[in-house]
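Undergrad: Pasting in a structure now, in structure tokens, and then I'll have a few things to ask.
Numbering (the UniProt record's numbering), first residue to last: 1 to 573.
Structure representation (structure tokens):
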């Protein structure tokens with residue numbers, strides 16, 4: 001007796017049938033280390049265990065597609081791409097294992113006489129299929145009527161492919177459905193096991209070492225958060241706003257014809273200009289995602305190569321077209337430093353964090369998905385500008401941009417994991433400022449004053465509690481709250497400046513804190529999820545606290561028993 005399942009979001013029913021078992025046979029089996037891209041994803045999955053780790057794809061199915069055609073196509077693709085038949089072990093050391101043969105279980109649902117929505121089928125896939133992207137890299141659901149397939153969705157593990165790898169799957173799936181004569185594994189391809197070996201040989205090893213050198217430079221100078229705002233006191237949460245604008249897409253086409261730069265570079269320039277206006281900085285270290293697909297082997301590589309890369313954009317005294325050129329150059333340079341050992345980067349980051357007294361947020365700021373032939377899901381073009389909202393998985397990112405489409409309709413998503421600091425109104429304000437900037441830049445190469453005028457954005461409000469220390473915007477009150485919480489019950493006080501030295505903390509010595517380094521260690525442990533705080537630049541431990549801990553002169557009169565941490569040593573006096 002088949003089970004009847006209801007998709008909660010649609011109040012429609014599909015009748016569950018017996019699953020389809022698709023056998024597959026590849027050329028080889030094997031075990032080996034993870035690629036650098038896979039290690040990057042594994043670390044992300046471990047850091048955010050609530051993230052599902054899947055990428056969803058709606059199958060392209062011509063009308064009248066037969067069930068046998070779909071199952072044969074999946075069997076060929078599983079034979080062709082080793083990542084589709086791999087599982088992953090966290091280690092130590094982390095590893096991937098390729099199966100030579102096996103079976104793919106496809107969940108099938110009978111649609112009866114009514115139409116099927118892909119979202120409904122996706123919901124059913126979520127409730128029926130295994131949920132581990134480490135042990136089940138591919139899961140599929142089909143809606144059928146008789147021997148025909150009406151709709152299909154699949155999920156691919158992020159450990160198996162990035163979005164460009166997913167695009168490879170989509171293109172080959174669509175081709176094989178239409179050309180049965182091509183349903184064969186074909187010649188040997190570059191596979192993830194091959195990529196892992198290549199990364200450990202020169203010249204790729206030299207490139208990864210160079211990327212870490214670039215990262216070390218960024219870690220020594222960049223702000224801990226790319227965008228810092230005061231807390232509104234609202235509960236923290238994650239949400240995304242997506243701008244859909246046909247008018248902005250038309251403006252992009254005009255700007256592209258004038259500047260010769262690609263559409264993503266123009267959008268990136270507009271993003272950087274608006275963030276520059278809002279943060280009050282003409283230059284900044286941003287993050288982007290690098291595809292790391294630069295040779296012929298990666299053209300049809302089904303794997304995960306993408307990693308975040310540092311990108312410095314200097315917009316000082318430039319017109320809009322000059323900013324576009326700078327954004328393009330920054331993207332090209334970032335691509336040279338996009339492949340590296342994420343564990344080694346983490347060790348470099350930990351050292352820089354301890355020395356600078358910060359916690360970095362490494363979420364990508366700008367994710368360009370208008371690459372590699374990726375087609376965004378078909379959507380009805382809006383008559384005018386729309387901003388739609390969707391909940392997102394929890395993250396520590398303050399702002400992240402995802403560019404889904406730039407031709408015909410600009411689709412730009414902006415999301416935050418800090419609704420307490422970046423409310424929905426701010427997200428919408430930034431997106432509409434980007435649209436206004438593009439619309440105005442279509443008619444002229446805007447000067448910097450003119451850009452400020454058309455966006456209508458002022459710098460974020462910063463009262464006397466805000467300080468710019470070591471490239472980081474922080475709130476003195478947040479630093480004080482950090483001291484109060486991690487050093488309690490010891491009296492402690494941080495001052496914005498002591499005789500020319502910024503952010504100096506005085507505290508009374510106690511059993512838990514006998515040295516400045518012990519105080520610094522405790523502060524570093526309490527720094528997570530405090531985007532507007534950093535540790536003091538120096539700690540001065542006194543034999544005891546004065547009666548009035550807010551009195552700097554009283555602290556300076558105390559006998560000093562320990563001092564240090566930060567970049568300098570010695571008493572601030």
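C-beta atoms are modelled at their ideal positions from N, C-alpha and C, and glycine is treated no differently.
1. In whole angstroms, what is the alpha-carbon distance linking residue 23 and residue 367?
2. Which whole runs of the alpha helix (DSSP H) in the region 41-114 are 4 residues long or more, in chain order?
3. May I have the straight-line CA-CA distance separating residue 14 from residue 392, to the nearest angstrom?
4. Counting pairs of beta carbons, one from the region 229-238 and one from the region 413-426, are three or more of them closer than 8 Å?
5. Can you tell me which of 188, 163, 204 puts its alpha carbon nearest to the alpha carbon of residue 295?
6. Work out the CA separation of residue 359 and residue 351 for me, nearest whole Å.
7. When the distance is taken between beta carbons, is residue 457 closer than 8 Å to residue 433?
8. My output table needs one value for residue 220: the three-state DSSP class, helix, strand or coil.
9. Measuring CB to CB, does residue 409 end up less than 8 Å from residue 437?
10. Do residue 469 and residue 480 count as a contact pair if the criterion is CB distance below 8 Å?
11. Measure the alpha-carbon distance for residue 505 versus residue 54 and round it to whole angstroms.
12. Apart from the five residues just before and just after residue 207, which ones in its own chain have a Cβ nearer than 8 Å to its Cβ?
13. Does the count of Cβ pairs from the region 122-137 and the region 151-168 closer than 8 Å reach three?
14. Find the nearest neighbour of residue 212 within the set 348, 301, 401, 114, judged by alpha-carbon distance.
15. Among 556, 324, 536, which has the Cα closest to the Cα of residue 446?
16. Is residue 361 helix, strand or coil when you go by DSSP?
17. So, is residue 115 buried or exposed, given that buried needs 16 or more other C-beta atoms within 10 angstroms?
18. For a test of the three-state rule: what should DSSP assign to residue 417, helix, strand or coil?
19. At which residues does the beta strand (DSSP E) containing residue 139 begin and terminate?
20. Among the candidates 77, 162, 425, whose CA atom is the shortest distance from the CA of residue 293?
21. Where residue 355 and residue 277 are concerned, what is the direct C-alpha to C-alpha distance, given to the nearest angstrom?
22. Do you know offhand how far residue 373's Cα is from residue 109's?
23. Is residue 444 helix, strand or coil by DSSP?
24. Can you check which of these residues, 389, 441, 224, is closest to residue 319 by C-alpha distance?
25. DSSP three-state call for residue 339: helix, strand or coil?
26. Tell me where the alpha helix (DSSP H) around residue 578 begins and ends.
27. With DSSP run on the structure shown, which of helix, strand or coil describes residue 377?
28. Name the DSSP beta bridge partners of residue 184, please?
29. Could you tell me the alpha carbon to alpha carbon distance between residue 562 and residue 353, rounded to whole angstroms?
30. Quick check: what's the CA-CA separation for residue 150 versus residue 290?
31. Consult DSSP for residue 398 and reduce its assignment to one of helix, strand or coil.
32. Give me the DSSP bridge partner(s) of residue 366.
33. Looking at residue 288: is its Cβ nearer than 8 Å to the Cβ of residue 309?
34. Roughly how many angstroms lie between the CA atoms of residue 121 and residue 179, to the nearest whole one?
35. So the candidates are 20, 450, 255; which of them puts its Cα closest to the Cα of residue 104?
36. Residues in its own chain within less than 8 Å of residue 422 by CB, not counting five upstream and five downstream?
TA: Taking the geometry as given:
1. Residue 23 and residue 367 have their C-alpha atoms spaced approximately 36 Å apart.
2. Counting only runs of 4 or more residues that sit fully inside the region 41-114, the alpha helix (DSSP H) segments are 67-80, in chain order.
3. For residue 14 and residue 392, the distance between alpha carbons rounds to 27 Å.
4. Contact between the region 229-238 and the region 413-426 is present, because at least three Cβ pairs lie under 8 Å.
5. It is 204.
6. Rounded to the nearest angstrom, the two C-alpha atoms are 11 Å apart.
7. Yes. Within cutoff.
8. Residue state for residue 220 is assigned as coil, using DSSP reduced to three classes.
9. For the pair residue 409 and residue 437, the CB atoms are not nearer than the 8 Å cut-off.
10. Inclusion of residue 480 and residue 469 in the CB contact set at 8 Å is not warranted, their separation being larger than that value.
11. Rounded to the nearest angstrom, the two C-alpha atoms are 46 Å apart.
12. If we look at residue 207 and ignore the five residues flanking it on each side, its Cβ neighbours are 336, 339.
13. These segments touch.
14. When 348, 301, 401, 114 are compared, the shortest CA-CA separation from residue 212 is found for 348.
15. It is 324 whose Cα lies nearest to the Cα of residue 446.
16. Three-state result, residue 361: coil.
17. Per the 10 Å Cβ criterion, exposed.
18. In the three-state reduction of the DSSP assignment, residue 417 falls in the coil class, being assigned neither a helical nor a strand state.
19. DSSP places residue 139 in the uninterrupted beta strand (DSSP E) bounded by 138-145.
20. Nearest option by C-alpha distance: 162.
21. Cα to Cα, the separation comes out at about 30 Å.
22. Only weak support is given to the placement of residue 373: the predicted model assigns it a pLDDT of 48, under 50, and the value that follows is read from those uncertain coordinates. Looking at the two C-alpha atoms, the distance is approximately 30 Å.
23. Looking at residue 444 - three-state DSSP - the assignment turns out to be coil, as it is neither helix nor strand.
24. Sorting 389, 441, 224 by C-alpha distance to the C-alpha of residue 319 places 441 at the top.
25. In this structure, residue 339 counts as coil in the three-state DSSP scheme.
26. A query on residue 578 cannot be resolved here, the shown segment of the chain reaching from 1 to 573 and no further.
27. Any answer about residue 377 is weak, because its pLDDT of 49 lies below 50 and its placement is not dependable; what the coordinates show is given next. DSSP places residue 377 in coil when its eight states are reduced to three.
28. None; residue 184 has no bridge partner.
29. Each residue's alpha carbon lies about 22 Å from the other.
30. The alpha-carbon atoms of residue 150 and residue 290 are separated by roughly 36 Å.
31. Residue state, collapsed to three classes: coil.
32. Answer is 288, 401.
33. For the 8 Å CB-CB criterion, residue 288 and residue 309 form a contact.
34. Here the C-alpha atom of residue 121 lies approximately 26 Å from the C-alpha atom of residue 179.
35. Per the Cα distances, 20.
36. Hits under 8 Å: 227, 229, 398, 399, 416.
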